[in-house]
Amino acid sequence: MHYDVFNGDADGLCALQQLRLAEPIEAQLITGAKRDIALLARPALAAAGEGDRLTVLDISLDRNRAALDALLGRGAQVAWFDHHGSGEIPAHPRLQAHIDTAPSVCTSILVDRHLAGRFRPWAVAAAFGDGLVDAARALASRCALSAADLTRLQRLGEALNYNGYGETEADLAIHPAALHAQMRGTADALRFAAESAIVQRLVESMRADLENARAVAPLHQDAHAAVILLPDAAWSRRVSGTFAHALAAEAPLRAHAVLTPNARGAYVVSVRAPRARPQGADRFCREFGGGGRSGAAGIDHLPAQGLEDFIARFACAPWTQ
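Below you can see the structure in the form of structure tokens.
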């Protein structure tokens, strides 16, 4: 049995797209909403072992360490591509780890390297979706893409990434596994961007949700940091990450935190380091039980009573100054 285990955002989808264009095998898909990171603990993998192969994309090894150790112990082979903080990478003959935490790298860029650029426009779209605009343009400069092509790929990446956000899969416009099924087999990312009805639907929904988000006044804002609390609504949960990326692009010298209420009476937080110096977001979020990468990270559960402390610490954090 082969399992494809991937984050349900643009980076995970486009990484898998490249690999399956290069090696079109049938696999059981393990995925979900963007913040559903502990995917190796899913019941579908409980019996995986000797002779089984897993391809794991765009989820933190550190958050899945116990499940990975169990899979390797049962004889499974694992290929892992990721750009999030991993902690110590196990040295095991059945683990192939392609992990790079540099702030200018995403998982799809790692897959692009692995495949020597065979399906590069998909990696460009992923980088745009992950908010790595400079990296996306640098990658695009190595292939024949026009300014109009870049705009289409940016719209595609942002739409795919927008679809991944939500407290539950019910918040998503389309389940990532179903979205992968629509993408699969389409080598031309530009064609998919132009012809896919779901992409057009996502773009329109994203624009409407961004308009709603921009109407919300910040809880705190100065030259260095801004904190925005969105209302308890499905559109807020869908747009939180996209809104954080947009704010980071518009004010590259400022750090941003976008909060949305969850069903447990707490907050989910999307944090973006200043784009001009993308460092520190992951370390800060780990102080609150979260994680991510240096330029963009998150917190899955910030207790409501900790909001004022969070704002105070975020506003004066050295990496935001």
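To get our numbering, take the position in the sequence shown, counting from 1, and add 756. Backbone N, C-alpha and C fix where the C-beta goes; we use that ideal spot for every residue, glycine too. Please read these numbers as outputs of a predicted model, since none were measured by experiment.
Using alpha carbons as the reference points, say which of the options lies closest to residue i.
i: Glu782; options: Arg869, Arg809 and Ala1013; result: Arg809
i: Gln1153; options: Ala950, Arg791, Glu951 and Arg1010; result: Missing from the structure shown is residue 1153; the chain here goes from 757 to 1077 and no further.
i: Leu801; options: Asp818, Arg830, Asp1056 and Asn763; result: Arg830
i: Arg947; options: Leu958, Leu966, Arg908 and Glu967; result: Arg908
i: Gly1045; options: Gln1035, Asp1056, Gln774 and Ala1052; result: Asp1056
i: Ala1013; options: Glu1043, Gln1035, Trp991 and Leu975; result: Leu975
i: Ala789; options: Gly1062, Asp767 and Ala778; result: Asp767
i: Leu966; options: Ala973, Arg957, Val983 and Trp991; result: Trp991
i: Glu960; options: Arg911, Ile1067, Val983 and Ala982; result: Arg911
i: Ala1073; options: Val1024, Asp825 and Gly1036; result: Gly1036
i: Gln851; options: Thr863, Ala872, Leu827 and Gly873; result: The displayed chain sequence assigns Leu, not Gln, to residue 851. Answer by Cα proximity: Leu827.
i: Pro1016; options: Ala1007, Val1027 and Glu1006; result: Residue 1016 is actually Thr in this sequence, not Pro. Ranking the options by Cα distance to Thr1016, first place goes to Val1027.
i: Gly1021; options: Glu779, Glu925, Leu1063 and Thr998; result: Leu1063
i: Gln1077; options: Ala1029, Ala1019 and Ala872; result: Ala1029
i: Ala778; options: Phe762, Arg876, Asp825 and Gly807; result: Arg876
i: Phe762; options: Tyr1023, Asp825, Ser864 and Ala926; result: Ser864
i: Gly997; options: Arg1042, Ala969 and Asp856; result: Ala969
i: Asn820; options: Ile1067, Gly1047, Ala1007 and Pro1008; result: Gly1047
i: Ala949; options: Met962, Ala933, Ala937 and Asp905; result: Asp905
i: Leu888; options: Ala900, Ala903, Glu925 and Cys862; result: Cys862
i: Arg776; options: Leu871, Glu925, Asp825 and Asp856; result: Leu871
i: Arg994; options: Thr811, Gly807, Asn1018 and Pro1008; result: Asn1018
i: Phe1040; options: Trp1075, Glu925, Gly807 and Ala1007; result: Trp1075
In whole angstroms, what is the alpha-carbon distance linking residue i and residue j?
i: Asp1038; j: Ser1050; result: 5 Å
i: Ala971; j: Ala964; result: 11 Å
i: His980; j: His848; result: 43 Å
i: Trp704; j: Leu935; result: Shown here, the chain extends from 757 to 1077; a query on residue 704 therefore has no answer.
i: Asp886; j: Arg798; result: 25 Å
i: Ser897; j: Glu923; result: 36 Å
i: Gly805; j: Ile793; result: 21 Å
i: Gly764; j: His931; result: 8 Å
i: Phe1070; j: Met757; result: 45 Å
i: Ala943; j: Pro1059; result: 44 Å
i: Ser860; j: Ala892; result: 9 Å
i: Gly941; j: Leu772; result: 11 Å
i: Pro1034; j: Ala1052; result: 8 Å
i: Arg869; j: Tyr759; result: 22 Å
i: Gln774; j: Leu785; result: 15 Å
i: Val867; j: Ala858; result: 15 Å
i: Ala894; j: Gln1061; result: 43 Å
i: Arg957; j: Tyr921; result: 15 Å
i: Ala883; j: Ala1000; result: 15 Å
i: Val1024; j: Arg1042; result: 14 Å
i: Val983; j: Gly843; result: 29 Å
i: Tyr918; j: Ile845; result: 30 Å
i: Gly873; j: His854; result: 16 Å
i: Ala973; j: Phe1066; result: 18 Å
i: Ala1068; j: Thr787; result: 35 Å
i: Ala900; j: Asp856; result: 26 Å
i: Gln938; j: Pro780; result: 14 Å
i: Gly1054; j: Arg791; result: 9 Å
i: Ala903; j: Pro1008; result: 22 Å
i: Ala933; j: Glu925; result: 11 Å
i: Gly807; j: Ala945; result: 33 Å
i: Glu1006; j: Ala803; result: 47 Å
i: Asp890; j: Met962; result: 22 Å
If I'm right that residue i touches residue j with Cβ under 8 Å, what's the distance once you round it to whole angstroms?
i: Leu1080; j: Ala832; result: A query on residue 1080 cannot be resolved here, the shown segment of the chain reaching from 757 to 1077 and no further.
i: Ala1004; j: Arg1031; result: 5 Å
i: Ala881; j: Gly841; result: No, Ala881 and Gly841 are not in contact; Cβ-Cβ is about 24 Å, not under 8 Å.
i: Leu769; j: Leu928; result: Incorrect: roughly 12 Å between the Cβ atoms, too far for contact.
* State whether the segment 834 to 847 contacts the segment 813 to 823, with contact taken as three or more CB pairs (one from each stretch) at a distance under 8 Å. => yes
* Asked: What beta strand (DSSP E) runs, 3 residues minimum, are completely inside the segment 927 to 966?
  -> none
* Which ranges does the beta strand (DSSP E) cover as unbroken runs of at least 3 residues, wholly within the segment 850 to 890, from first to last along the chain? -> 851 to 855
* Asked: If you scan the segment 762 to 834 from start to end, which runs of the beta strand (DSSP E) of 3 or more residues do you find wholly inside it?
  -> 784 to 786 and 809 to 813
* Asked: Counting only runs that start and end within the segment 977 to 1058, where is the beta strand (DSSP E) found for 3 or more residues in a row?
  -> 981 to 985, 1011 to 1017 and 1022 to 1028
* Taking three-plus beta-carbon pairs below 8 Å as touching, is the segment 983 to 1000 in contact with the segment 943 to 958? -> no
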